Every structure is written in C-alpha cells, then in structure tokens.
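Asks:
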Amino acid sequence: SAVISQKPSRDICQRGTSLTIQCQVDSQVTMMFWYRQQPGQSLTLIATANQGSEATYESGFVIDKFPISRPNLTFSTLTVSNMSPEDSSIYLCRGRGRGGATNEKLFFGSGTQLSVL
Amino acid sequence: LAKTTQPISMDSYEGQEVNITCSHNNIATNDYITWYQQFPSQGPRFIIQGYKTKVTNEVASLFIPADRKSSTLSLPRVSLSDTAVYYCLVSGAGSYQLTFGKGTKLSVIP
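Sequences listed follow chains A and B, in order. 17 is the number of the first residue of the first sequence in my numbering; add one for each residue after it. -18 is the number of the first residue of the second sequence in my numbering; add one for each residue after it.
(1) Listed from N- to C-terminal order along the chain, which residues in the segment 34 to 61 of chain A have their beta-carbon within a distance smaller than 9 Å of any beta-carbon of chain B?
(2) Counting only C-beta atoms, is THR92 (chain B) closer than 9 Å to chain A at any point?
(3) Could you tell me which chain A residues have their CB closer than 7 Å to the CB of SER22 (chain B), listed as they occur along the chain?
(4) Note down, in chain order, all residues in the segment 25 to 39 of chain B with a beta-carbon under 7 Å from any beta-carbon belonging to chain A.
(5) Taking 9 Å as the cut-off, decide whether the C-beta atoms of TYR(-6) (chain B) and VAL66 (chain B) are in contact.
(6) With 9 Å set as the bound, which would you pick, yes or no: does the beta-carbon of GLN22 (chain A) sit closer than that to a beta-carbon of chain B?
(7) Note down the Cα distance separating THR95 (chain A) from GLN23 (chain B), rounded to an integer number of angstroms.
(8) Taking the straight line between their C-alpha atoms, what separation do you get for GLY72 (chain B) and THR60 (chain A)?
(9) When the Cα atoms are used, what is the spatial distance from ALA117 (chain A) to LEU70 (chain B)?
(10) At a CB-CB cut-off below 9 Å, which residues of chain A make contact with LYS83 (chain B)?
(11) Hey, how far is the Cα of TYR51 (chain A) from the Cα of LEU108 (chain A)?
(12) In whole angstroms, give me the CA-to-CA distance for SER104 (chain A) and VAL132 (chain A).
(13) Does the segment 40 to 57 of chain A come close enough to the segment -5 to 7 of chain B that 3 or more CB-CB pairs lie under 8 Å?
(14) Strictly by DSSP, which residues pair up with ASP27 (chain A)?
(15) Taking 9 Å as the CB-CB cut-off, is GLN30 (chain A) touching chain B?
(16) Within the same chain, show all residues whose beta-carbon is closer than 7 Å to that of SER126 (chain A), passing over the 5 residues directly before and after it, in chain order.
(17) Nearest CA to the CA of LEU130 (chain A): which residue from A:THR93, A:MET47, A:PRO87, A:GLN53?
(18) State the DSSP-derived secondary structure class of ALA117 (chain A), mapped to helix, strand or coil.
(19) Would you call LEU54 (chain B) buried or exposed, if buried means 16 or more other Cβ atoms sit within 10 Å of its Cβ?
(20) Rank A:ARG31, A:PHE49, A:CYS29, A:THR33 by C-alpha distance to the C-alpha of LEU89 (chain A) and give the top, closest one.
(21) For the candidate residues B:THR64, B:THR80, B:ILE1, whose alpha-carbon lies nearest to that of LYS(-16) (chain B)?
(22) Measure how close the beta-carbons of GLN18 (chain B) and THR85 (chain B) come, nearest whole angstrom, since I'm counting them as under 8 Å.
(23) What ranges does the alpha helix (DSSP H) occupy inside the segment 48 to 118 of chain A, keeping only unbroken runs of at least 4 residues that lie completely in it?
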C-alpha cells in the first residue's frame, strides 16, 4: 500500500505567522484531502485538494486562511495563514487511490501537531 | 453520508476481548464500513474494512449483521498498547469524503 510522508511532524509558531505543511505520496492518488483535529476532538475535513485547480473547501474554511496547492498527483501543501492560538491543532492529509470505497483503507499522513503561541 | 454512532468511551482489562459497536442506520447499498485506530498526536491507522457478514485479519474481526445497520469491531485479548480512539466510518464509491464521528476512546487497564 502507498505511504504518505507529512512534514513537519510538529511546530511551534508565533501568532501572525504562517506555516506550510507538505504531504508527499509514494504513488499517484486520485484525490488528496486535508483535515484538522482540534484537541480532544474528531477530525474535520478542511478541503479537497484538486490537482491543477483550486481546492474545494468545506463550510467554515476559506482559501485565504488555508491556501492549498496540489501541483501533481503525488504532492500537496496546506498553509495555515496569519495564525492565532485557535489554530493550534493536528493537521492531517489523506490520499485516496483508485478502486472506489475499498481503497478507503488508504492512508493518512502522520499528522502535523501545530502549537501557536 | 451515513451518520455513525458509537459509545464515547470504554474501559477494559488487559487480556480481555473488546467489542465496540457502531450504528449506521442509513447506510447505503454501496457503502463499506471501515474502522480506524488513532493514537494521540498521530494520524488514523486503518484496522479493518467490510461490507457484510464477517471479516477477520491479524488485528481484529468485524461483524456486520444482514441489515448492515450496525457493525461490531472485535479486538481479541487487548493489551495496554491498544489504548486509543477507534473510529467507525461508512463510505461508498460515490462519497469519497470521509466523515469522522467522535469515535470511541478505549482505555485498557492493567
């Protein structure tokens, strides 16, 4: 099965700065997704990263705050912009390969634990 | 997307079998049931997936009744390292966005 490498694994940032998180998949995936998991909470989908076009954002998330790139089928970035302490969360990427629902066992990145001071 | 309902938490002693049941009353014909395990500060890890009846792998078993409105994850002889949050998800070929419920926090006690 494919592997997703996500970095950084953790970071501590100052208020007002931005952090870019990268996900690299070792094989082509049809779709990539970005999630946020706030402390003690479940995962919330931020957006679907579309290759070669603008990401599709879920309600409550906007491109200015969470710009996403996906230049090819194996790589995507999520930027958390103008950070505040409320952005302290774990951010996760996920890839979905071909084959429909039976590929849901694929594969999450290891997560980026972000703390904003 | 089918909504899932799980117990918020469960406690178990080491060596016992643990069964976590998930309700998904509005599961669609094409939906599969997938369970993930998540340790603190890590991404979810796939455990098992099934469509109907019983599925078993080296880690767990998944029991799905004929009406598919619920499923039960069975972990044999749990150890302290099985302490984690377990998520039940339902999704099909046409619903590629996974929607996570609150999960079940399993605490294994020595």
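Here a beta-carbon is modelled for each residue, glycine too, at the ideal position from N, C-alpha and C. Fair warning: this is a prediction, and the values are worked out from it, not measured in the lab.
Replies: So, from the listed chains and residues:
(1) Answer in chain order: THR46, MET47, PHE49, TYR51, GLN53, GLN57, SER58, LEU59, THR60, LEU61.
(2) With chain B covering only -18 through 91, there is no way to say anything about residue 92 (chain B).
(3) On the second sequence, residue 22 (chain B) is found 41 positions in, with the first residue counted as 1. For the C-beta of SER22 (chain B), the chain A residues within less than 7 Å are, from N- to C-terminus, ILE106, GLY127, GLN129.
(4) Across the segment 25 to 39 of chain B, CB contacts with chain A closer than 7 Å involve PRO25, PHE27, GLN30, in sequence order along the chain.
(5) Here residue -6 (chain B) corresponds to residue number 13 of the second sequence, with the count starting at 1. Here residue 66 (chain B) corresponds to residue number 85 of the second sequence, with the count starting at 1. Not a contact, by the Cβ cut-off of 9 Å.
(6) As a working note, residue 22 (chain A) is residue 6 in the first sequence. Contacts with chain B at 9 Å (Cβ-Cβ) include GLN22 (chain A).
(7) By one-based count along the first sequence, residue 95 (chain A) stands at place 79. By one-based count along the second sequence, residue 23 (chain B) stands at place 42. Computed Cα separation, rounded: 19 Å.
(8) Taking the second sequence and counting its residues from 1, the one referred to as residue 72 (chain B) is at position 91. Taking the first sequence and counting its residues from 1, the one referred to as residue 60 (chain A) is at position 44. With the sequence shown as reference, residue 72 (chain B) is identified as Ser, and Gly is not the correct amino acid for it. The alpha-carbon atoms of SER72 (chain B) and THR60 (chain A) are separated by roughly 16 Å.
(9) Taking the first residue of the first sequence as 1, we reach residue 117 (chain A) at position 101. Taking the first residue of the second sequence as 1, we reach residue 70 (chain B) at position 89. In this prediction, ALA117 (chain A) has a pLDDT of 48, which is less than 50 and means its spatial position is unreliable; what the coordinates show is noted afterwards. So the alpha carbons of these two residues sit roughly 11 Å apart.
(10) One-based indexing of the second sequence puts residue 83 (chain B) at position 102. Counting only Cβ-Cβ distances below 9 Å, LYS83 (chain B) has contacts in chain A at GLN57, SER58, in chain order.
(11) In the first sequence, counting from the first residue as 1, residue 51 (chain A) sits at position 35. In the first sequence, counting from the first residue as 1, residue 108 (chain A) sits at position 92. So the two alpha carbons sit approximately 5 Å from each other.
(12) Sequence index remark: in the first sequence, residue 104 (chain A) carries index 88 (1-based). Sequence index remark: in the first sequence, residue 132 (chain A) carries index 116 (1-based). Each residue's alpha carbon lies about 5 Å from the other.
(13) No, they do not touch.
(14) Within the first sequence, numbered from 1, the residue matching residue 27 (chain A) stands at position 11. Looking at the DSSP assignment, ASP27 (chain A) forms a beta bridge with A:LEU130.
(15) Numbered from its first residue, the first sequence carries residue 30 (chain A) at position 14. For GLN30 (chain A), the answer is no, since every Cβ of chain B falls outside 9 Å of its Cβ.
(16) As a first step, residue 126 (chain A) must be located in the first sequence, where it is residue number 110. Sequence-distant Cβ neighbours of SER126 (chain A) in its own chain, meaning closer than 7 Å and more than five residues away, are GLN22, SER25.
(17) Residue 130 (chain A) sits at position 114 when you count from the first residue of the first sequence. Minimum Cα distance to LEU130 (chain A) is reached at A:GLN53.
(18) One-based indexing of the first sequence puts residue 117 (chain A) at position 101. Residue placement at ALA117 (chain A) is flagged as unreliable, the pLDDT there being 48, under the threshold of 50; the coordinate-derived value follows with that caveat. Helix.
(19) Your numbering for residue 54 (chain B) matches position 73 in the second sequence. With 16 or more Cβ atoms within 10 Å of its Cβ, LEU54 (chain B) is classed as buried.
(20) The residue labelled residue 89 (chain A) in the question sits at position 73 within the first sequence. If you compare the alpha carbons of A:ARG31, A:PHE49, A:CYS29, A:THR33 with that of LEU89 (chain A), the shortest gap goes to A:PHE49.
(21) Within the second sequence, numbered from 1, the residue matching residue -16 (chain B) stands at position 3. When each option's Cα is compared against that of LYS(-16) (chain B), the closest is B:THR80.
(22) Working through the second sequence from its first residue, we reach residue 18 (chain B) at position 37. Working through the second sequence from its first residue, we reach residue 85 (chain B) at position 104. Actually they are not in contact, since the Cβ atoms of GLN18 (chain B) and THR85 (chain B) sit about 10 Å apart, beyond 8 Å.
(23) Fully enclosed alpha helix (DSSP H) runs of 4 or longer: not present.
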